[in-house]
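Enquirer: Below: one structure in structure tokens.
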Amino acid sequence: MKKEYSIKELEKKANQIRQDIIKLLVAAGSGHSAGPLGMADIFTALYFKVLKHNPKNPGWKDRDRLILSNGHICPVRYAAMAHAGYFPKSWLRTFRSINSKLEGHPSFKKLPALETTSGPLGEGLSQACGFALAAKMDKANYHIWCLLSDGEHQEGMTWEAAMLAAKYRLHNLTVVIDRNNIQIDGFTEDIMPLEPLREKYEAFGWHVMDMNGHDMQEIISTLEEAKAIAEKPVCIIAHTIPGKGVSFMEKDYKWHGVPPGTDIPGEPEKEKQAQIALRELRTLGKKIEAADID
Amino acid sequence: MNYHLVKNHLNEKKVKWEPMRNGAGKGLAELGEQKKDVVVLAADTAESSRAHYFAEKFPERFIQVGVAEQNLIGISAGLTYQGKVPYAVTYAAFLIGRPWEPIRTIIAYPGRHVVFVSSHAGLATGQDGPTHQMTEDIALTRCLPGFTVIAPCDFEQARKAVKAAYGLKGPVYIRNCREKTPVFTTDKTPFEVGKAQILREGKDATVIGHGYMVYWLLQIAEELKKKVSIEVINLHTIKPLDKKTLLTSAKKTKKVFCAEDHNIIGGMGSAVAEFLSETYPVPMKLHGVYDTFAESGSVKDLWKKYGLDKEGTRKILLEFLRNSK
Numbered sequence: 021m022k023k024e025y026s027i028k029e030l031e032k033k034a035n036q037i038r039q040d041i042i043k044l045l046v047a048a049g050s051g052h053s054a055g056p057l058g059m060a061d062i063f064t065a066l067y068f069k070v071l072k073h074n075p076k077n078p079g080w081k082d083r084d085r086l087i088l089s090n091g092h093i094c095p096v097r098y099a100a101m102a103h104a105g106y107f108p109k110s111w112l113r114t115f116r117s118i119n120s121k122l123e124g125h126p127s128f129k130k131l132p133a134l135e136t137t138s139g140p141l142g143e144g145l146s147q148a149c150g151f152a153l154a155a156k157m158d159k160a161n162y163h164i165w166c167l168l169s170d171g172e173h174q175e176g177m178t179w180e181a182a183m184l185a186a187k188y189r190l191h192n193l194t195v196v197i198d199r200n201n202i203q204i205d206g207f208t209e210d211i212m213p214l215e216p217l218r219e220k221y222e223a224f225g226w227h228v229m230d231m232n233g234h235d236m237q238e239i240i241s242t243l244e245e246a247k248a249i250a251e252k253p254v255c256i257i258a259h260t261i262p263g264k265g266v267s268f269m270e271k272d273y274k275w276h277g278v279p280p281g282t283d284i285p286g287e288p289e290k291e292k293q294a295q296i297a298l299r300e301l302r303t304l305g306k307k308i309e310a311a312d313i314d
Numbered sequence: 042m043n044y045h046l047v048k049n050h051l052n053e054k055k056v057k058w059e060p061m062r063n064g065a066g067k068g069l070a071e072l073g074e075q076k077k078d079v080v081v082l083a084a085d086t087a088e089s090s091r092a093h094y095f096a097e098k099f100p101e102r103f104i105q106v107g108v109a110e111q112n113l114i115g116i117s118a119g120l121t122y123q124g125k126v127p128y129a130v131t132y133a134a135f136l137i138g139r140p141w142e143p144i145r146t147i148i149a150y151p152g153r154h155v156v157f158v159s160s161h162a163g164l165a166t167g168q169d170g171p172t173h174q175m176t177e178d179i180a181l182t183r184c185l186p187g188f189t190v191i192a193p194c195d196f197e198q199a200r201k202a203v204k205a206a207y208g209l210k211g212p213v214y215i216r217n218c219r220e221k222t223p224v225f226t227t228d229k230t231p232f233e234v235g236k237a238q239i240l241r242e243g244k245d246a247t248v249i250g251h252g253y254m255v256y257w258l259l260q261i262a263e264e265l266k267k268k269v270s271i272e273v274i275n276l277h278t279i280k281p282l283d284k285k286t287l288l289t290s291a292k293k294t295k296k297v298f299c300a301e302d303h304n305i306i307g308g309m310g311s312a313v314a315e316f317l318s319e320t321y322p323v324p325m326k327l328h329g330v331y332d333t334f335a336e337s338g339s340v341k342d343l344w345k346k347y348g349l350d351k352e353g354t355r356k357i358l359l360e361f362l363r364n365s366k
């Protein structure tokens with residue numbers, strides 16, 4: 021009933037999702053580029069391999085819950101959901117426009133399949149802990165996944181939740197941190213250093229794993245292993261490249277909060293940015309002919 | 042309407058004085074017995090906020106988050122998505138003030154049904170001082186779309202309010218104070234969210250209160266009955282406003298006086314003024330905390346110094362009635 025994807029197919033899917041991210045950002049004329057592109061592989065692994073879910077029945081009570089705390093990267097979530105069949109792909113071009121269900125930051129009211137509302141950072145883990153506590157009370161057997169950005173660990177509320185997760189032994193909860201080292205004003209270690217991040221979570225009573233955020237096989241096996249850890253909540257530090265797949269965006273914090281088509285000194289002409297980005301994605305950086313990817 | 046108030050309730054020496062936070066705590070424990078989806082959350086003040094009555098009976102449904110009010114909000118929100126009805130309990134300043142943005146973003150905006158039950162509202166907090174005397178909580182909650190805001194008048198009404206909140210939609214805020222205040226309503230006194238209570242009818246002036254100050258208003262109305270006929274309204278629900286009752290009374294008396302242990306900016310008086318100024322403008326006086334922080338002191342001393350006791354309130358009322366002839 022559920023299609024089984026090979027690693028190659030998942031990588032291709034992630035590439036398609038990256039292209040859709042570029043397109044929807046251009047259609048909206050605003051939105052965040054770097055985070056969504058960086059997290060495309062992880063979202064693909066989740067929506068097409070790891071999550072227990074049913075796009076045709078988003079309210080299925082035994083589904084895994086995916087909470088996106090760093091809501092601004094919703095372009096990647098929306099694109100993944102469209103590909104997975106939660107809603108028509110045509111909705112993607114309505115991102116951020118009036119009356120759309122795809123708001124600039126995830127709105128539970130507009131689209132309940134998003135599980136929660138987010139935007140202001142630091143509020144997701146707390147809610148995820150609420151989900152996990154209720155699941156424990158009800159002896160439920162679904163898993164709760166909470167995605168966070170590295171930057172939002174500057175919010176104290178995140179650590180309040182981390183403390184509580186260990187107290188209540190929320191082993192049905194797994195956190196994945198998008199460790200891309202950037203935030204709005206610069207690199208995280210220049211703005212407000214987070215390191216040593218692994219040791220911080222370990223000190224808070226969590227089991228910590230590191231992961232290459234762009235190796236599909238490693239992503240899948242790490243996520244599956246995390247589910248199996250019984251005694252503690254698990255935190256996966258996913259090492260990602262912000263803007264992955266688009267050469268002029270990679271590792272550059274200036275692309276955190278703007279879409280392709282933005283005037284930035286030193287970057288390609290704004291009218292050409294989307295075109296360049298899509299060509300790079302379709303040819304895997306000129307490694308293949310564009311036709312191979314379709 | 043017969044409100045079945047305590048017999049001879051106006052005799053403050055004979056009537057019982059009990060903190061309404063005790064009533065709220067009792068109501069919570071009773072609710073926990075009836076409704077198995079109620080979960081109570083505390084932020085290290087379970088005992089003084091009286092959440093411990095529930096915690097002792099239903100430990101598997103009690104969550105202690107420690108001194109972490111933002112997390113209190115987040116956990117409460119998360120629980121609602123799994124069919125739980127969370128009651129988050131702590132001091133008003135920390136329950137509503139500190140985590141106000143998450144309340145707005147993850148509770149009010151998505152319309153989650155969380156019931157916030159505070160203690161230590163207003164100057165009636167006493168010696169802990171202004172950092173703990175919350176006089177802006179009504180302002181902060183009524184400005185959020187979808188919130189129901191209730192300020193019970195005594196122990197009994199707090200008990201009823203806590204239970205009534207279970208059946209409402211969206212977020213609810215119930216404000217209680219710490220100090221012992223007169224218990225003048227009874228088990229038989231009706232309580233309906235959104236329905237103002239005309240506890241005493243009159244025709245010369247409308248006085249509106251919430252919380253314990255309703256008791257002073259009843260005493261004042263009795264004391265002044267030979268000079269002026271005062272209608273006393275217990276406006277326990279500040280949002281949504283019972284516009285029908287307020288309009289009828291304003292049309293009758295043409296003078297409206299509001300009294301509360303809250304900043305006059307943004308409180309119940311403001312809400313009434315917003316409504317009447319557009320619908321039926323009449324002379325109004327908003328009595329309360331006059332946009333100031335208070336200080337440490339016994340509640341009785343604070344009431345006296347800041348004019349929130351019966352005598353202080355009566356003085357301002359008489360001045361208003363004189364000036365608006």
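So the protein sequences, as listed, match chains D and Y.
314 is the number that my numbering gives the last residue of the first sequence; the numbers go up by one with no jumps.
366 is the number that my numbering gives the last residue of the second sequence; the numbers go up by one with no jumps.
All residues carry an ideal CB built from backbone N, CA and C; glycine is no exception.
1) Kindly list the residues whose CB is nearer than 8 angstroms to the CB of Gln293/D, restricted to its own chain and excluding five residues on each side of it in sequence; keep chain order.
2) Would you mind listing the alpha helix (DSSP H) stretches within the region 245-324 of chain Y that are 4+ residues and don't spill past its ends, in chain order?
3) How far does the beta strand (DSSP E) with Thr189/Y in it extend, from its first residue to its last?
4) In chain order, what residues of the same chain lie with their CB nearer than 7 angstroms to the CB of Ala228/Y, ignoring the 5 residues before and after it?
5) If we call anything under 8 angstroms between Cβ atoms a contact, is Ala199/Y one with Ala65/Y?
6) Using a beta-carbon distance below 8 angstroms, is Pro100/Y in contact with chain D?
7) Note down, in chain order, each residue of its chain lying with its Cβ closer than 7 angstroms to the Cβ of Asp314/D, except the 5 sequence neighbours on either side.
8) DSSP on Asn49/Y, reduced to helix/strand/coil?
9) Which complete alpha helix (DSSP H) runs does the region 165-230 of chain Y hold, if anything under 4 residues is left out?
10) Are at least three pairs of beta-carbons, each pair with one atom in the region 266-275 of chain Y and one in the region 240-258 of chain Y, less than 8 angstroms apart?
11) For Ile3/Y and chain D, any beta-carbon pair shorter than 8 angstroms?
12) Using the Cα positions of Thr146/Y and Thr64/D, report the straight-line distance between them to the nearest angstrom.
13) Indicate whether Ile179/Y and Ile148/Y have their beta-carbon atoms separated by less than 8 angstroms.
14) Between Val213/Y, Leu327/Y, Gln174/Y and Leu240/Y, which has its C-alpha nearest His154/Y's C-alpha?
15) Quick one: residues in its chain with C-beta nearer than 8 angstroms to the C-beta of Lys55/Y, no 5 flanking neighbours on either side, listed in chain order?
16) Comparing the C-beta of Ala258/D with each C-beta of chain Y, is any distance below 8 angstroms?
17) In chain D, what lies closer than 7 angstroms to Glu142/Y by C-beta?
18) Ignore the nearest five residues each way along the sequence and tell me which others in Phe99/Y's own chain have a CB closer than 6 angstroms to its CB.
19) Alpha carbon to alpha carbon, how far is Ala237/Y from Gly252/Y?
20) Do you know whose CA, among Phe298/Y, Ser90/Y and Glu315/Y, lies nearest Cys184/Y's CA?
21) For Val106/Y, count neighbouring C-beta atoms within 10 Å of its own C-beta (all shown protein chains included) and say buried if the count is 16 or more, exposed if not.
22) Please compile the residues from chain Y whose C-beta is within a distance smaller than 9 angstroms of the C-beta of Thr136/D.
23) Quick one: what does DSSP say Ala250/D is sitting in, helix, strand or coil?
24) Can you give me the start and stop residues for the alpha helix (DSSP H) that Gln36/D sits inside?
25) Is there a C-beta anywhere in chain Y that falls below 8 angstroms from the one on Lys28/D?
26) Quick check: Phe224/D and Ala258/D, are their CB atoms within less than 8 angstroms of each other?
27) Using a Cβ-Cβ cutoff of less than 7 angstroms, which residues in the same chain neighbour Tyr94/Y once the five nearest sequence positions on both sides are dropped?
28) Report buried or exposed for His173/D, applying the criterion of at least 16 other Cβ atoms within 10 angstroms of its Cβ.
29) Strictly below 7 angstroms CB to CB, what residues from chain D border Gln75/Y?
30) Could you have a look at Gly265/D and say whether DSSP puts it in helix, strand or coil?
31) Using beta carbons (cut-off 8 angstroms, strictly below), is Gly115/Y in contact with chain D?
32) Between Gln111/Y and chain D, is the shortest Cβ-Cβ distance under 8 angstroms, so that the two count as touching?
33) In angstroms, rounded to a whole number, what distance separates the CA positions of Arg85/D and Val313/Y?
34) Just reading off the alpha helix (DSSP H) that Asp342/Y is part of, what are its end residues?
35) Near Lys125/Y, what residues of its chain come up, given a Cβ to Cβ distance below 7 angstroms and the 5 sequence neighbours on each side ignored?
36) Starting from the C-beta of Ser365/Y, find all residues in its chain whose C-beta is less than 6 angstroms away, skip the five residues before and the five after it, and write them out in chain order.
Expert: According to the structure data:
1) Stepping through the first sequence from its first residue, residue 293/D is reached at position 273. Once the five neighbours on either side are set aside, the close Cβ partners of Gln293/D are Phe268, Pro280, Gly281, Thr282 and Glu287.
2) 254-264, 284-294 and 309-320
3) By one-based count along the second sequence, residue 189/Y stands at place 148. Where Thr189/Y is concerned, the enclosing beta strand (DSSP E) stretches over Thr189 to Ile191.
4) The residue given as residue 228/Y occupies position 187 in the second sequence. For clarity, residue 228/Y is Asp in the given sequence; the question names Ala instead. Counting only Cβ-Cβ distances below 7 angstroms, and skipping sequence neighbours, we find Glu197.
5) Residue numbering aside, residue 199/Y sits at position 158 when the second sequence is read from its first letter. Residue numbering aside, residue 65/Y sits at position 24 when the second sequence is read from its first letter. Their beta carbons are under 8 angstroms apart, which means Ala199/Y touches Ala65/Y by this criterion.
6) Here residue 100/Y refers to the residue found at position 59 when the second sequence is read from its first residue. Chain D contact via Cβ: absent.
7) Against the first sequence, residue 314/D aligns to sequence position 294. Confidence in Asp314/D is poor, its pLDDT being 49 and thus under 50, which makes the residue's placement too unreliable to answer from.
8) As a working note, residue 49/Y is residue 8 in the second sequence. In the structure shown, Asn49/Y sits in coil (DSSP, three-state: anything other than H, G, I, E or B).
9) 178-183 and 196-205
10) yes
11) This structure cannot speak to residue 3/Y, because chain Y is shown only from 42 to 366.
12) Here residue 146/Y refers to the residue found at position 105 when the second sequence is read from its first residue. Here residue 64/D refers to the residue found at position 44 when the first sequence is read from its first residue. Roughly 28 angstroms separates the two Cα atoms.
13) Residue 179/Y sits at position 138 when you count from the first residue of the second sequence. Residue 148/Y sits at position 107 when you count from the first residue of the second sequence. Taking 8 angstroms as the Cβ cut-off, Ile179/Y and Ile148/Y do not qualify as a contacting pair.
14) Against the second sequence, residue 154/Y aligns to sequence position 113. The candidate whose alpha carbon is nearest that of His154/Y is Val213/Y.
15) Here residue 55/Y refers to the residue found at position 14 when the second sequence is read from its first residue. Closer than 8 angstroms at the Cβ level, and outside the excluded window around Lys55/Y, lie Asn49.
16) By 1-based counting over the first sequence, the position of residue 258/D is 238. No, no contact with chain Y.
17) Position 101 of the second sequence holds residue 142/Y. Near Glu142/Y (Cβ distances below 7 angstroms), the residues of chain D are Pro140.
18) In the second sequence, residue 99/Y corresponds to position 58, counting from 1. Contacts found: Gly73.
19) Walking along the second sequence from the start, residue 237/Y turns up at place 196. Walking along the second sequence from the start, residue 252/Y turns up at place 211. Taking the straight line joining both Cα atoms gives about 13 angstroms.
20) Taking the second sequence and counting its residues from 1, one reaches residue 184/Y at position 143. The candidate whose alpha carbon is nearest that of Cys184/Y is Glu315/Y.
21) Here residue 106/Y refers to the residue found at position 65 of the second sequence. With 16 or more other Cβ atoms within 10 Å, it is buried.
22) Mapped onto the first sequence, residue 136/D falls at position 116. By Cβ distance, chain Y contributes Ala118, Gly119, Tyr122, Ile147 and Pro151.
23) If you number the first sequence from 1, residue 250/D lands on position 230. Looking at Ala250/D - three-state DSSP - the assignment turns out to be coil, as it is neither helix nor strand.
24) Within the first sequence, residue 36/D is the residue found at index 16, counting from 1. Gln36/D -> alpha helix (DSSP H) spans Ile27 to Ala48.
25) For the purposes of this step, residue 28/D is identified with residue 8 of the first sequence, where counting begins at 1. By this cut-off, Lys28/D is not an interface position.
26) If you number the first sequence from 1, residue 224/D lands on position 204. If you number the first sequence from 1, residue 258/D lands on position 238. Not a contact, by the Cβ cut-off of 8 angstroms.
27) Numbered from 1 along the second sequence, position 53 holds the residue referred to as residue 94/Y. Excluding sequence neighbours, Tyr94/Y sits near Gly66, Lys67, Leu69 and Ala70.
28) Numbered from 1 along the first sequence, position 153 holds the residue referred to as residue 173/D. Label assigned to His173/D: buried.
29) Along the second sequence, read from residue 1 onward, the residue named residue 75/Y stands at position 34. Under the 7 angstroms cutoff, chain D gives no residues; its nearest Cβ is about 18 angstroms from Gln75/Y.
30) Along the first sequence, one-based indexing puts residue 265/D at 245. Note: Gly265/D maps to coil in three-state DSSP.
31) Taking the first residue of the second sequence as 1, we reach residue 115/Y at position 74. Yes - at least one Cβ of chain D is within 8 angstroms of the one on Gly115/Y.
32) As a working mapping, residue 111/Y is identified with position 70 in the second sequence. Cβ-Cβ to chain D under 8 angstroms: yes for Gln111/Y.
33) As a first step, residue 85/D is located in the first sequence; it is residue number 65 there, counting from the start. As a first step, residue 313/Y is located in the second sequence; it is residue number 272 there, counting from the start. The alpha-carbon atoms of Arg85/D and Val313/Y are separated by roughly 44 angstroms.
34) Within the second sequence, the letter at position 301 stands for residue 342/Y. Unbroken alpha helix (DSSP H) run through Asp342/Y: Val340 to Lys346.
35) Taking the first residue of the second sequence as position 1, residue 125/Y is located at position 84. So the qualifying residues of the chain are Asp78 and Val80.
36) The residue labelled residue 365/Y in the question sits at position 324 within the second sequence. Lys296 and Pro324.
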